[in-house]
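**Q** Have a look at the structure that comes next, please.
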Amino acid sequence: MSVLFIVDSFGIYEEEALRVTHPKQVASIRARIHQHLLKSSATSFRIHVSQALFRRFKSFEGMQGVQVRYLYPASQLANRLGERPQTWLTNDLIMSLHLLKCPPLPDNLREIENSAGKVLGLLHPVLLQPENLSAFYEVLRELPPAFATLLRLETIQARLIQSLQKLIEPDCIQLLIQTLSKTNSLATTLDALACEQIRETLRSVVQEHPTILEFPLAARQFDKQLLTSLPTIEIAEPNAQDVPTQLIQLLEILNRQVIANSCSEHVLAKLIVVAWPTVLARLTELLAENPKLASQALADALYALADTQATVLAKQVEENAHLAPCEALSETATVEEALLWSWQYLDCARREFLRQQEPSELISSSFSHWLTTQQARIMRSDADWRRVSAVTAQHLAANRLVVLCMIDALGALNTDLVCAKLKQCENVCIDEQLLFSPIPTLTEVAKMAVITGKNVAELPSNTETALRQHYANYLDTPNALKIAKSWVELKDSLDTDTKLLVYFENRIDERLHACTSFKKHRQDIKTIAKQLVNQIKDWMIDAAQLHRELVVLITADHGVTSIAQRQAIATDLGEIGERTVKVKQKPYEIPDKFAFFPQVKDASSGYLVPKERVRTGGNTPLTHGGLSPEEVLIPFITVTKGVPLSTEKIIELKVENSYCPIVNGRWQANLMLITHAVPLTKIKITAKSPFTGEEGPIGPLRVYETKPLRLSFTSAIEQSGQVQVPVFIRYCRADTQTAENLDIELTLHFYR
Numbered sequence: 227m228s229v230l231f232i233v234d235s236f237g238i239y240e241e242e243a244l245r246v247t248h249p250k251q252v253a254s255i256r257a258r259i260h261q262h263l264l265k266s267s268a269t270s271f272r273i274h275v276s277q278a279l280f281r282r283f284k285s286f287e288g289m290q291g292v293q294v295r296y297l298y299p300a301s302q303l304a305n306r307l308g309e310r311p312q313t314w315l316t317n318d319l320i321m322s323l324h325l326l327k328c329p330p331l332p333d334n335l336r337e338i339e340n341s342a343g344k345v346l347g348l349l350h351p352v353l354l355q356p357e358n359l360s361a362f363y364e365v366l367r368e369l370p371p372a373f374a375t376l377l378r379l380e381t382i383q384a385r386l387i388q389s390l391q392k393l394i395e396p397d398c399i400q401l402l403i404q405t406l407s408k409t410n411s412l413a414t415t416l417d418a419l420a421c422e423q424i425r426e427t428l429r430s431v432v433q434e435h436p437t438i439l440e441f442p443l444a445a446r447q448f449d450k451q452l453l454t455s456l457p458t459i460e461i462a463e464p465n466a467q468d469v470p471t472q473l474i475q476l477l478e479i480l481n482r483q484v485i486a487n488s489c490s491e492h493v494l495a496k497l498i499v500v501a502w503p504t505v506l507a508r509l510t511e512l513l514a515e516n517p518k519l520a521s522q523a524l525a526d527a528l529y530a531l532a533d534t535q536a537t538v539l540a541k542q543v544e545e546n547a548h549l550a551p552c553e554a555l556s557e558t559a560t561v562e563e564a565l566l567w568s569w570q571y572l573d574c575a576r577r578e579f580l581r582q583q584e585p586s587e588l589i590s591s592s593f594s595h596w597l598t599t600q601q602a603r604i605m606r607s608d609a610d611w612r613r614v615s616a617v618t619a620q621h622l623a624a625n626r627l628v629v630l631c632m633i634d635a636l637g638a639l640n641t642d643l644v645c646a647k648l649k650q651c652e653n654v655c656i657d658e659q660l661l662f663s664p665i666p667t668l669t670e671v672a673k674m675a676v677i678t679g680k681n682v683a684e685l686p687s688n689t690e691t692a693l694r695q696h697y698a699n700y701l702d703t704p705n706a707l708k709i710a711k712s713w714v715e716l717k718d719s720l721d722t723d724t725k726l727l728v729y730f731e732n733r734i735d736e737r738l739h740a741c742t743s744f745k746k747h748r749q750d751i752k753t754i755a756k757q758l759v760n761q762i763k764d765w766m767i768d769a770a771q772l773h774r775e776l777v778v779l780i781t782a783d784h785g786v787t788s789i790a791q792r793q794a795i796a797t798d799l800g801e802i803g804e805r806t807v808k809v810k811q812k813p814y815e816i817p818d819k820f821a822f823f824p825q826v827k828d829a830s831s832g833y834l835v836p837k838e839r840v841r842t843g844g845n846t847p848l849t850h851g852g853l854s855p856e857e858v859l860i861p862f863i864t865v866t867k868g869v870p871l872s873t874e875k876i877i878e879l880k881v882e883n884s885y886c887p888i889v890n891g892r893w894q895a896n897l898m899l900i901t902h903a904v905p906l907t908k909i910k911i912t913a914k915s916p917f918t919g920e921e922g923p924i925g926p927l928r929v930y931e932t933k934p935l936r937l938s939f940t941s942a943i944e945q946s947g948q949v950q951v952p953v954f955i956r957y958c959r960a961d962t963q964t965a966e967n968l969d970i971e972l973t974l975h976f977y978r
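Going left to right, the sequence shown walks through residues 227 to 978 as the working numbering numbers them.
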C-alpha cells in the first residue's frame with residue numbers, strides 16, 4: 227500500500243513509473259493515490275514527477291505509507307566520481323555533458339586526480355593523457371556542445387594544459403581553449419581552424435611572392451599566433467569548404483610563374499600540407515604539363531603526408547626532378563635570379579655527386595664567373611653572409627633567446643637532410659634561405675665572419691672577445707653569452723641569464739677528408755642532423771620552462787664539392803691550399819681562370835681562387851675553398867615554435883582603390899556606391915566579423931546615382947596582404963520603404 231514519489235526534473239529516472247507530465251493529470255492521480263493507500267496492496271505505486279508539478283502533491287508528503295525520493299544529477303554523479311561534484315559542476319551542466327551515461331571512474335583515477343581531472347576522465351580518458359593531438363582532436367569532435375562551457379572554468383583549463391603541455395606550448399593551449407570555449411560546436415570550430423591553418427599557409431606564400439597580384443583570401447577568423455603555432459588539425463576534403471579550390475588555384479598561379487621564371491619550383495612544396503585527392507590529382511596534371519615543377523623538396527613534402535596516393539606521386543616527382551635539366555647561369559642575372567637558378571643547380575649537383583659524377587663544368591663555372599663580377603650587388607642584397615649577424619641582432623633586440631648554430635662545412639647542398647629532420651617535429655616553424663658565403667670558402671676566413679658580420683681580419687683572434695664586442699649592446703651580463711664548441715658542452719647550456727648561445731658544430735668538417743664518397747659524407751650529416759634536431763627539442767623545452775621566446779638560427783661557413791681530379795695543377799705563386807693559393811702580393815697579371823680576392827687589412831695580399839672545378843692541392847674526393855655554387859652557397863635556417871549578388875541588381879558597392887591606408891588606427895577603404903533602376907534611402911554599410919566599422923545612413927539616392935564614400939574599419943585579429951572583407955548592406959527602396967539586405971565581399975589590400 228506504499229506510494230513512492232520520484233521527484234525528478236532532469237529525466238534521470240528510467241525505471242517503470244506513472245509519469246506526470248501535465249497539470250490536467252493531477253486530479254485523477256490524487257484520487258488514485260487515495261485509493262491505493264486505502265488498499266492493502268503489496269505493490270508500490272510509483273509516480274514520476276517534476277519538482278514544479280510535485281507542489282500539487284505536496285500534501286501527501288509525510289503521510290503514512292508515502293515516500294518521497296528526490297533525484298538530482300549531482301548526487302547521482304557522486305557515485306561515478308567518488309566524491310561530491312564541485313559547485314561549478316551544476317545539475318544542468320551534468321545533464322548537458324551526459325555525465326550520468328558515462329561508466330564509473332576507475333579507482334586509480336579516483337585516487338590521483340583532482341575534481342577537474344575526474345570530470346575530464348569521466349568524459350574520456352584521452353583528455354587526461356593523449357598520445358598525440360590527433361587523438362585529442364578526435365575526442366573533442368565527439369563531445370557534446372556543453373563541453374565549451376566547461377572550458378571556461380580555470381580549473382578545467384589548468385588540467386588540460388597539464389595534459390597537453392608535452393605536445394604543444396602552454397600559450398598555444400590557452401589560445402585553443404579560449405577559442406573552443408566560445409563555440410556552439412566543437413567539431414565545426416575544429417574544422418574551421420583546420421581550414422584557417424591551410425589558408426594561413428596560402429597567405430604566407432602569397433605574401434612572400436609580390437608577383438602574385440590577384441589572389442584574395444577570406445579575412446583571418448582566428449588569432450594568427452594560434453594558427454601558426456598550433457600543430458596541424460586534420461580535415462577531410464569534403465569538410466574543407468572552399469580551401470581545396472583555393473589551394474589548386476594557387477598551385478596553378480605558381481605553375482605559371484615557374485614557367486615564366488618568376489619564382490622557384492621549390493615554393494610548391496610549402497603548399498603540400500594535405501593529401502586531398504582533388505589537389506593531388508591537379509598537381510599530377512600540372513607536373514605532366516610542366517616537368518620544371520619537380521624538385522626534391524616537393525617529393526619530400528609529398529612523402530611527409532604518409533598517404534598512398536601522395537607517395538606514388540612523390541616517386542614520380544623524384545624521377546622528374548632527376549631528369550630536370552640545369553642550364554648555365556646568365557652573366558646578366560640579378561641576385562634574385564641567381565638564387566632561383568641555384569636551387570635547381572643544387573638538385574642537379576646532388577644527384578650527380580650521388581652517382582659519383584660531377585656537374586657540367588660549363589654550368590658550374592658560369593656561376594663562378596658571375597660571382598666574381600657581382601660582389602657589390604650581393605653585398606647590398608638580403609642574401610649576403612652578413613645577414614646572419616643582422617638577424618641575430620634583431621632577435622636579441624626583441625629580447626628573444628637566440629641559439630646560433632654554426633655548422634662547419636654544412637653547405638646548402640646538404641641542408642635538405644637537416645630540414646627533413648626538422649619537418650618531422652611537431653609545432654616547429656622552419657624558414658630556409660640561401661646566402662652567399664665569404665670568399666674564399668675557407669673555415670679560417672668564413673666562420674667568425676658569418677657569425678659577426680665582419681671580415682675576419684677586422685676581428686680579435688679570441689672567439690669570445692669577438693662575440694662580446696660585436697653583440698655588446700645585447701649582452702649586459704657576463705652570463706648572457708654562452709659558447710659551446712663541442713657536443714659535450716651543450717649540457718645545461720641555457721639558464722635564466724642566457725641571451726645568446728653560439729654552438730660550433732665541427733664534426734662535418736673534421737670528417738670531410740676521411741669520406742671516400744659524397745654518399746658517405748651525406749650519411750655523416752644525417753647522423754649529426756638527427757642529434758642537432760634532438761638538441762633543438764631540448765632547447766625548446768628549456769626555453770618554455772624559462773618562459774622565454776626561443777629562436778634557433780642554423781648556418782654554415784662554407785659548403786663542399788667533390789672533385790674527381792687527383793693531381794693538383796702546378797703553381798708556384800704562393801702558399802698552396804686545396805682550392806686556393808694564398809699570396810703575399812697581388813700578381814701583376816692574374817693567371818687565366820683564377821680570380822683574386824684581397825685580404826681586408828692589406829689589399830696587396832690575398833687569395834687566388836680557381837673559377838673552375840680543379841684542385842690546387844690535396845687528393846681526397848671532398849674539398850672546399852673554391853667558387854662553385856655548392857662551396858659558396860650556405861644555408862640560413864630559422865627555427866621557431868577565409869554571397870553571390872541577386873540576379874536583379876539594386877545596389878552596387880565598388881572598390882575605388884584596393885589599397886587601404888591606416889588613419890588614426892583604422893583602415894580607410896575608398897568605395898563607390900552605385901544605385902541602379904530603383905531609388906534608395908537609409909543605406910547603411912557595415913563591416914562584418916572579424917571586422918568592425920560602419921558608414922551611414924546614406925541617402926536618399928536617385929536611380930543610377932554614384933556616390934563616393936569612405937568606410938573606416940578595424941579588426942582585433944591581425945590582417946595583412948590581399949584580403950576579402952565581408953560587408954553587410956542594408957537599404958530601403960525609396961518608393962515603397964521596403965527594407966532589404968545584401969551581403970558582399972570587398973577585395974582590399976592592407977599595408978603591412
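Idealized CB from N, CA, C, for every residue including glycine.
On a predicted model such as this, the values are computed, not experimentally measured, just so you know.
1. Can you look up S938 in the DSSP assignment and give me helix, strand or coil?
2. Alpha carbon to alpha carbon, how far is W1029 from T558?
3. Could you tell me how far apart the beta carbons of L263 and V229 are, in whole angstroms, since I believe they sit closer than 8 Å?
4. Give the single residue among D417, I734, A418 whose Cα lies nearest to the Cα of M632.
5. Return the first residue and the last residue of the beta strand (DSSP E) that L766 is part of.
6. Using a 10 Å radius around the Cβ and a threshold of 16 neighbouring Cβ atoms, would you call C655 buried or exposed?
7. May I ask you to verify whether the segment 273-288 touches the segment 337-346, counting CB pairs closer than 8 Å and requiring at least 3?
8. Which of the three DSSP states, helix, strand or coil, is assigned to E440?
9. Using a threshold of 9 Å, state whether the C-beta atoms of Y729 and L716 are closer than that.
10. According to DSSP, simplified to helix, strand and coil, what is L315?
11. Under a Cβ-count criterion, where at least 16 other Cβ atoms within 10 Å of its own Cβ denotes burial, should Y363 be classed as buried or exposed?
12. State the Cα-Cα distance for the pair V345 and L439, rounded to the nearest angstrom.
13. State the start and end residues of the unbroken alpha helix (DSSP H) segment that holds I382.
14. How long is the line joining the alpha carbons of E921 and K910, rounded to whole angstroms?
15. Can you check whether the CB of R378 is closer than 9 Å to the CB of S407?
16. Measuring CA to CA, which of P330, V499, A507, R508 is closest to L528?
17. Could you pull out every residue in the same chain whose Cβ sits closer than 6 Å to the Cβ of E544, ignoring the five residues on either side in sequence?
18. According to the Cβ coordinates, are G785 and H850 closer than 9 Å?
19. In chain order, what residues of the same chain lie with their CB nearer than 7 Å to the CB of S455, ignoring the 5 residues before and after it?
20. Residues bridged to P987 by DSSP?
21. Is the Cβ-Cβ distance between L897 and K914 less than 9 Å?
22. Which residue's Cα is closest to the Cα of D750: T641, R805, T806, F823?
23. Can you tell me whether DSSP reads N625 as helix, strand or coil?
24. Helix, strand or coil for Q277 per DSSP?
25. At which residue ranges does the segment 490-559 contain complete alpha helix (DSSP H) runs of 4 or more residues, listed in the order of the chain?
26. Can you tell me whether DSSP reads I399 as helix, strand or coil?
27. Using only the alpha-carbon positions, how far apart do L871 and T940 sit?
28. Can you confirm whether the segment 300-313 touches the segment 263-280 when touching is taken to mean that 3 or more C-beta pairs between the two stretches lie within less than 8 Å?
29. Buried or exposed: which applies to M289, given that a residue is buried once 16 or more other Cβ atoms fall within 10 Å of its Cβ?
30. Following the continuous alpha helix (DSSP H) through K867, name the residue where it begins and the one where it ends.
31. Could you pull out every unbroken beta strand (DSSP E) segment of at least 3 residues lying fully inside the segment 821-859, listed in chain order?
32. To the nearest angstrom, how far is it from the Cα of I924 to the Cα of E882?
33. Do the segment 583-602 and the segment 832-839 meet, that is, are 3 or more Cβ pairs less than 8 Å apart?
34. Taking the alpha carbon of V233 as the reference point, which residue from H260, P299, G291, R258 has its own alpha carbon closest?
35. If you compare alpha carbons, which of T781, D702, L419, L297 is closest to Q659?
36. Taking the alpha carbon of D764 as the reference point, which residue from T753, N732, V629 has its own alpha carbon closest?
**A** In terms of the structure at hand:
1. strand
2. In this structure the chain extends from 227 to 978, so residue 1029 is not present and cannot be described.
3. 6 Å
4. I734
5. The sequence shown places Met at residue 766, not Leu. Taken as a continuous stretch (DSSP letters only), M766 belongs to no beta strand (DSSP E), being part of the alpha helix (DSSP H) at 744-771.
6. exposed
7. no
8. coil
9. yes
10. coil
11. buried
12. 52 Å
13. 380-390
14. 6 Å
15. yes
16. V499
17. A525
18. yes
19. E395, C398, N653, K867
20. The chain is shown only over 227 to 978; residue 987 falls outside these bounds and no answer can be derived.
21. no
22. T641
23. coil
24. helix
25. 503-515, 522-530, 534-549
26. helix
27. Only weak support is given to the placement of L871: the predicted model assigns it a pLDDT of 31, under 50, and the question is left unresolved by the model.
28. no
29. exposed
30. Per DSSP, K867 belongs to no alpha helix (DSSP H) and is neither H nor E.
31. 832-836
32. 18 Å
33. yes
34. P299
35. T781
36. V629
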